[in-house]
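Here is the structure we will look at, set down as structure tokens.
Residue numbers (our numbering), protein chains in the order written: chain W, 85 to 197; chain B, 16 to 128.
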């Protein structure tokens, strides 16, 4: 089945630790995106990548880092510099950077205490 | 500055009646609009879209209307069903030029049996 996988579904970390969220797609899509969802805030763009080995900051990139070494994979690292890391994180992909429709993964709920 | 606004955080509708979800945008460069549906702890799924060259698009129980002069679009669901209870996100895309979708904050629809 083609799709986007995010693992794990739930993740718990202590404050001060970096944590990496996984996102893999087998849709052969060029573009990939990371969003964060908080109650009442909608979907806010963290980073996006239009092609392998290239990525751009979104609206709330501070405290996050990404890499895009493979077309299928776009991991997101939540660093200790992120002030409020507890959130629901969503990964998405689209056929290309100029394709309108994005396909979303199931999300990862990160809780930092 | 919010470019896509969903001013109603929540909406309750009786089963069988019409649900109308509204979305306003400020950027006149947007030329494609999408609605996504999201259940708790899941990723959003694409519902319906409309191009700026049209003023209406219909898919089964779902119809999206676009009023370009008012920079307003709406999603009509009729008849509403309990399974429609979810958060609905409006999204807009600028002219093709490799810019990610811009999302509204979402409207939580509750369909009461």
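In this text, a Cβ means the ideal position worked out from N, Cα and C, and glycines have one as well.
(message) Is there a Cβ of chain W sitting closer than 8 Å to that of residue 47/B, yes or no?
(response) By one-based count along the second chain, residue 47/B stands at place 32. By the rule that beta-carbons nearer than 8 Å mark a contact, residue 47/B touches chain W.
(request) Given a cut-off of 8 Å, decide if residue 47/B and residue 100/B are closer than it, judged by their beta-carbon atoms. (result) As a first step, residue 100/B must be located in the second chain, where it is residue number 85. As a first step, residue 47/B must be located in the second chain, where it is residue number 32. The answer is no: Cβ separation not under 8 Å.
(request) Run down chain B in chain order and give the residues with a C-beta less than 8 Å from the C-beta of residue 173/W. (result) By one-based count along the first chain, residue 173/W stands at place 89. None at all; the shortest Cβ gap to chain B is about 10 Å.
(message) For chain B, check one thing: does any of its Cβ atoms lie closer than 8 Å to the Cβ of residue 184/W?
(response) In the first chain, counting from the first residue as 1, residue 184/W sits at position 100. By this cut-off, residue 184/W is an interface position.
(request) Count the other CB atoms, across all protein chains shown, that sit within 10 Å of the CB of residue 92/W; report buried if there are 16 or more and exposed otherwise. (result) As a first step, residue 92/W must be located in the first chain, where it is residue number 8. Exposed.
(request) May I ask you to list the residues that DSSP assigns as paired with residue 87/B? (result) Taking the first residue of the second chain as 1, we reach residue 87/B at position 72. The partner list for residue 87/B (beta bridge, DSSP) reads 39/B and 82/B.
(message) I'd like to confirm the pairing. Which residues does DSSP put opposite residue 29/B in its beta bridges?
(response) Numbered from 1 along the second chain, position 14 holds the residue referred to as residue 29/B. Residue 29/B is bridged to 127/B.
(message) Using C-beta distances below 7 Å, list every residue in its chain close to residue 170/W, excluding the 5 sequence neighbours before and after it, in chain order.
(response) Translated into the one-based positions of the first chain, residue 170/W becomes position 86. Hits under 7 Å: 194, 195 and 196.
(message) Out of 117/B, 123/B and 86/B, which one is the CA nearest neighbour of residue 97/B?
(response) By one-based count along the second chain, residue 97/B stands at place 82. Out of 117/B, 123/B and 86/B, 123/B has the C-alpha closest to the C-alpha of residue 97/B.
(message) Which of the three DSSP states is assigned to residue 143/W in this structure?
(response) The residue labelled residue 143/W in the question sits at position 59 within the first chain. Three-state result, residue 143/W: coil.
(request) Closer than 8 Å by C-beta to residue 120/W: which residues in its own chain qualify, once you throw out the five before and the five after it? Chain order, please. (result) Position 36 of the first chain, counted from the first residue, corresponds to residue 120/W. So the list reads 127, 128, 130, 144, 171, 172, 173 and 174, once near-sequence residues are dropped.
(message) Could you check whether residue 123/W and residue 58/B sit closer than 8 Å to each other, using their CB atoms as the reference points?
(response) Within the second chain, the letter at position 43 stands for residue 58/B. Within the first chain, the letter at position 39 stands for residue 123/W. Contact annotation: residue 58/B and residue 123/W have beta-carbon atoms that are not nearer than 8 Å.
(request) Just the C-alpha distance for residue 178/W and residue 50/B, rounded to the nearest angstrom, thanks. (result) For this step, residue 178/W is matched to residue 94 along the first chain. For this step, residue 50/B is matched to residue 35 along the second chain. Between residue 178/W and residue 50/B, the C-alpha separation is close to 16 Å.
(request) Flag this pair as yes or no: are the beta carbons of residue 92/B and residue 34/B separated by less than 8 Å? (result) Position 77 of the second chain, counted from the start, is the residue given in the question as residue 92/B. Position 19 of the second chain, counted from the start, is the residue given in the question as residue 34/B. Yes, the pair counts as a contact, with Cβ atoms nearer than the cut-off.
(request) With residue 72/B as the anchor, note down where its beta strand (DSSP E) starts and where it stops. (result) Taking the first residue of the second chain as position 1, residue 72/B is located at position 57. Per DSSP, residue 72/B belongs to the beta strand (DSSP E) from 71 to 74.
(request) With distances taken Cα to Cα, identify the nearest neighbour of residue 109/W among 140/W, 152/W and 165/W. (result) Residue mapping note: residue 109/W aligns to position 25 of the first chain, counting from 1. Of the candidates 140/W, 152/W and 165/W, 152/W places its Cα closest to the Cα of residue 109/W.
(request) Assign residue 109/B to one of three DSSP states: helix, strand, or coil. (result) On the second chain, position 94 is the one that residue 109/B refers to. Strand at residue 109/B.
(message) Buried or exposed for residue 96/W, going by 16 or more other Cβ atoms inside 10 Å?
(response) Residue mapping note: residue 96/W aligns to position 12 of the first chain, counting from 1. Classification of residue 96/W: exposed, given that the 10 Å Cβ count is below 16.
(request) Scan the region 95 to 107 of chain B for residues whose Cβ lies nearer than 7 Å to a Cβ of chain W and list them as they occur along the chain. (result) The residues in question are 104.
(message) Out of 90/W, 105/W and 150/W, which one is the CA nearest neighbour of residue 134/W?
(response) Within the first chain, residue 134/W is the residue found at index 50, counting from 1. Comparing Cα positions, the closest option is 150/W.
(request) May I ask you to list, following chain order, the residues of the region 57 to 74 of chain B that have a beta carbon less than 8 Å from some beta carbon of chain W? (result) Correct list: 57, 58, 59, 60, 61 and 64.
(message) Please tell me whether residue 125/W has its Cβ less than 8 Å away from any Cβ of chain B.
(response) As a position in the first chain, residue 125/W is number 41, starting the count at 1. Cβ-Cβ to chain B under 8 Å: yes for residue 125/W.
(request) Identify each residue in the region 104 to 130 of chain W for which the Cβ-Cβ distance to at least one residue of chain B is less than 9 Å, and report them in chain order. (result) Hits within the stretch, in order: 115, 117, 119, 121, 124, 125, 126, 127, 128 and 129.
(request) Determine the DSSP secondary structure at residue 16/B, reduced to helix, strand or coil. (result) The residue given as residue 16/B occupies position 1 in the second chain. In this structure, residue 16/B counts as coil in the three-state DSSP scheme.
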